[in-house]
Each structure stands twice: as C-alpha cells, then as structure tokens.
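For any residue, its number in our numbering is found by taking its place in the sequence shown, counting from 1, and adding 2. Note sheet for the following structure.
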Amino acid sequence: MNKEELISALEDSREELLATLEGLSNEQYCADAAVGEWSIKDVLAHLVMWEAETIKLLFQARQGLTPTTVHLKNIPDDEQNKIWHDQTKDRLLERVLADFGAIRGQTILRLDDFSERELSDPTRFVWLRGKTLSQLVVDYVLEHEQVHARMIRAWREHQQG
3 MNKEELISAL EDSREELLAT LEGLSNEQYC ADAAVGEWSI KDVLAHLVMW EAETIKLLFQ
63 ARQGLTPTTV HLKNIPDDEQ NKIWHDQTKD RLLERVLADF GAIRGQTILR LDDFSERELS
123 DPTRFVWLRG KTLSQLVVDY VLEHEQVHAR MIRAWREHQQ G
C-alpha cells in the first residue's frame with residue numbers, strides 16, 4: 003500500500019467507525035461488556051492508546067531514533083491492553099471522544115513527514131526486522147480499528163435485534 007492509499011484507507015476507516023458510532027447515547031458508550039469485557043468507551047480509549055503509541059514511534063523514527071514504544075518491547079499485547087485499560091477506564095467519555103476525534107489527524111501529519119520510500123522499504127528501519135513502516139501502521143492502527151469496528155457493529159446489531 004503506497005502512502006496515498008494508506009492515508010486514504012485511514013481516513014475511510016475512521017469515517018466508517020464514526021458512522022458505526024452515530025446515534026449512540028452516553029449510556030450505550032459506557033455500557034459494560036458491550037465488546038467483550040469492555041464498554042465502547044473503553045474500546046475507543048484502547049484504540050487511542052495504540053494510535054498514540056504509533057504516533058510516538060513515527061516521531062522517534064523521523065528523528066532517527068530507535069523507537070522506545072510498546073511495538074518493540076517484549077510485553078504481550080494483552081498485558082499492555084490491561085495496563086492501558088486500568089489507566090483509562092475512569093476517563094470521562096467526553097475526554098475519550100475528544101482524544102478519539104483528534105488523534106487520526108496527528109497520525110496523518112506524522113505519515114506526511116515520510117517519503118514513499120521510507121514507508122515502503124523493508125530495509126529502511128532495521129528495528130522493524132524486515133517489516134515496512136507502512137505495514138506497522140496498517141497492523142496497529144488501520145486493521146486494529148477495523149477489527150474493533152466490526153465488533154461494535156455486531157454489538158449494535160444484537161442490540162437492535
């Protein structure tokens with residue numbers, strides 16, 4: 003996926019998720035066990051945490067640094083998710099929604115800092131161990147969001163059924 007396609011896919015994915023969330027009440031956002039054990043608010047906070055960590059990785063990579071983000075640490079995703087959930091579970095819905103609304107623009111700004119080659123060359127960043135920067139963004143931001151969007155849609159369909 004080239005840079006233009008990646009940015010377009012990120013924008014489209016966000017629009018689809020926002021459409022899925024449209025019309026939810028505050029009570030629905032905060033309902034326990036809407037998506038697994040989490041509320042929809044928890045899922046959005048979770049997505050924000052992973053995307054923020056990816057933005058940090060992009061910033062550090064642009065500075066020529068080896069990133070210090072969870073992407074490159076030996077902590078299982080489930081364990082990291084629990085840590086972040088514990089940190090964000092009591093966050094006000096309004097703050098979670100504000101963060102969620104703002105973060106995608108930051109991701110796209112960071113991606114704009116990279117050339118097409120930097121995003122697609124599997125040898126450019128040795129710490130990615132043969133993966134491309136573009137693929138990391140697809141895995142941790144784009145596909146991650148799409149998985150959770152499907153889960154939220156399934157919950158909404160079940161609520162309507």
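Glycine included, every Cβ here is placed at the ideal spot set by N, Cα and C. Since we're looking at a predicted model, the values are computed, not measured.
Boundaries of the alpha helix (DSSP H) around H48: 42-64. Annotation for L99: the continuous alpha helix (DSSP H) segment containing it runs 95-114.
In the DSSP assignment, V37 forms a beta bridge with W40. Excluding sequence positions up to five before and after Q108, its CB lies within less than 7 Å of the CB of I57, all in the same chain and listed in chain order. Contact annotation, L12 with V143: C-beta distance approximately 7 Å; criterion of less than 8 Å satisfied.
Counting along the chain, E13 sits inside the alpha helix (DSSP H) bounded by residues 5-23. Between Y31 and L95 the beta-carbon gap is near 6 Å, inside 8 Å, which marks them as a contact.
Annotation: Y142 is outside any alpha helix (DSSP H) and is labelled neither H nor E by DSSP.
The continuous alpha helix (DSSP H) containing N28 extends over residues 28-32.
When the beta-carbon positions are compared, R64 and F116 come within less than 8 Å of each other.
Apart from the 5 residues on each side of it in sequence, K43 sits with its Cβ closer than 7 Å to the Cβ of Y31, C32, L95, V98 in its chain, given in chain order.
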